Structures are given as C-alpha cells and as structure tokens.
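Residue numbers (the working numbering): 3 to 212.
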C-alpha cells in the first residue's frame with residue numbers, strides 16, 4: 003500500500019496497489035485458506051468507533067457486511083467481544099481473529115475518504131501483515147486495505163489513519179476474492195473457489211500502514 007503526503011491524488015484507478023503487491027497479497031491469502039483446519043470457526047472483528055455503533059444505521063451496516071462475507075463467519079465487534087464484565091483487551095483477542103474489517107468516519111456522505119481513529123489504527127497495524135484486513139465503504143462494500151491509499155495523520159496524542167478507496171473500485175477485484183477465500187471456513191462448498199492466482203512466495207507489502 004502506498005502513502006502520499008498530500009490530501010488527495012487522482013482517485014480514478016481500480017486499485018492503488020502495484021501488481022506485485024496484489025500478487026503477493028493473493029498468495030498470502032491462498033496460504034491462509036490452505037492452512038485452515040476443517041471445522042474451525044472463522045472469526046472477523048469489525049473495528050468501529052462508539053459514534054459509529056451508536057448510529058441508527060449500525061444494524062444495517064452489520065447486515066451488509068455479513069451479506070458480503072462467506073457463510074459461517076462469526077462477526078465480532080466491541081460490544082459483543084468486550085461486554086460489561088470484560089474490559090477491552092485487544093492483545094488477548096487478536097490471536098483468535100482470522101480477519102479485520104475497519105469502518106471509518108467518512109469525510110462526507112459518499113466520500114471515498116475514510117478516517118480511522120488511534121484505536122482502529124492500532125488494531126489494523128496488529129493484523130495488516132498477517133491476516134485479511136478490509137475497509138467497509140458505506141457505498142462501496144468491502145475493499146481490501148491493500149487496494150486503498152493510506153496516509154498517517156500525526157497528532158500530539160496519537161496518530162490517526164486516512165484510508166482512501168480507489169474511484170474505479172470493482173467488487174470482482176481479484177484481491178477481494180482472495181481475501182474472501184481466506185475467510186471462508188474450510189470444507190464449505192465455496193472453500194478455495196475465490197482464491198486468486200498465487201505468487202511464488204509470501205511477502206509483507208503492508209509496511210506503509212505502520
């Protein structure tokens with residue numbers, strides 16, 4: 003994923019990732035899918051700010067995300083992963099997760115610019131190099147973070163992260179299909195069917211988000 007020092011560059015692309023980054027991402031996703039043991043639960047955490055979860059549209063957004071994920075995926079978020087009797091402890095939870103979906107604050111309705119707060123940024127950083135991480139664009143659906151442009155926004159307290167979705171994003175993108183294949187429970191009817199072509203080896207093309 004590439005970064006930019008400016009607020010916005012030309013968004014009229016299908017992805018901000020380079021072809022080699024896409025191939026490596028697809029290879030990583032295929033290895034995740036191949037390593038999954040049949041019968042194991044696939045867990046995805048949705049990272050969203052309290053203000054987002056308090057929105058009257060929250061349940062609708064959750065349903066839209068569930069509809070795009072493979073059948074059988076368990077969806078977690080702050081309120082069901084950390085109930086009143088369990089304090090927030092990301093380090094204890096992250097090892098159980100198979101993927102992450104971030105829901106940012108849009109610059110404006112319909113915008114492709116999504117702002118993540120410090121907590122969401124740290125959650126993303128903990129998984130970006132090893133598991134499927136996707137952005138939920140309210141009017142675009144799920145987009146692998148690898149396809150977005152990222153910009154760290156330093157602050158005196160804690161840095162935030164801006165994710166910009168490409169203008170010509172396509173839901174049949176090979177990176178999205180590879181990510182969904184990596185989140186498909188092993189042994190299901192669609193297991194492995196969505197995997198993209200692989201590269202020769204794994205790499206970590208996600209360091210720009212750190």
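Don't be surprised by glycine CBs; every beta carbon is placed ideally from N, CA and C.
Quantities reported herein were computed from a predicted structural model and do not represent experimental measurements.
- Counting C-beta atoms within 10 angstroms of its own C-beta, residue 116 has 16 or more neighbours from the protein chains shown and is therefore classed as buried.
- Rounded to whole angstroms, the separation of the alpha carbons of residue 158 and residue 67 is 33 Å.
- DSSP lists 79 and 103 as the bridge partner or partners of residue 48.
- Between residue 165 and residue 134, the C-beta spacing is not below 7 Å.
- Residue 125 has its alpha-carbon roughly 12 Å from the corresponding atom of residue 97.
- The beta-carbon separation of residue 183 and residue 35, rounded to 5 Å, stays under the 8 Å limit for a contact.
- In the DSSP annotation of this structure, residue 21 is not part of any beta strand (DSSP E); the continuous alpha helix (DSSP H) holding it starts and ends at 21 to 37.
- If you keep only unbroken beta strand (DSSP E) runs of at least 3 residues inside the segment 120 to 158, you get 135 to 139, 143 to 146 and 151 to 155.
- Closest in alpha carbon position to residue 187, among 82, 37, 15 and 44, is 44.
- In the structure shown, residue 108 adopts extended strand secondary structure according to DSSP, grouped into three states.
- Here residue 172 carries a coil assignment [DSSP, helix/strand/coil].
- Per the DSSP secondary-structure output, residue 164 pairs in a beta bridge with 117 and 153.
- Within 10 angstroms of the beta-carbon of residue 59 lie fewer than 16 other beta-carbons, which makes it exposed.
- Contact between residue 143 and residue 170 is ruled out by a C-beta separation of about 14 Å, above the 8 Å threshold.
- For residue 96, the enclosing alpha helix (DSSP H) starts and ends at 92 to 96.
- Our two residues, residue 76 and residue 160, have alpha carbons roughly 30 Å apart in a direct line.
- Residue 88 carries a coil assignment under DSSP once its states are collapsed to helix, strand and coil.
- At least 7 Å separates the beta-carbon of residue 129 from that of residue 150.
- Under the three-state reduction of DSSP, residue 186 is assigned to coil, being neither helix nor strand.
- Between residue 46 and residue 106, the C-beta gap is not smaller than 7 Å, which leaves the two residues out of contact.
- Cα atoms of residue 52 and residue 39: separation of roughly 34 Å, rounded to the nearest angstrom.
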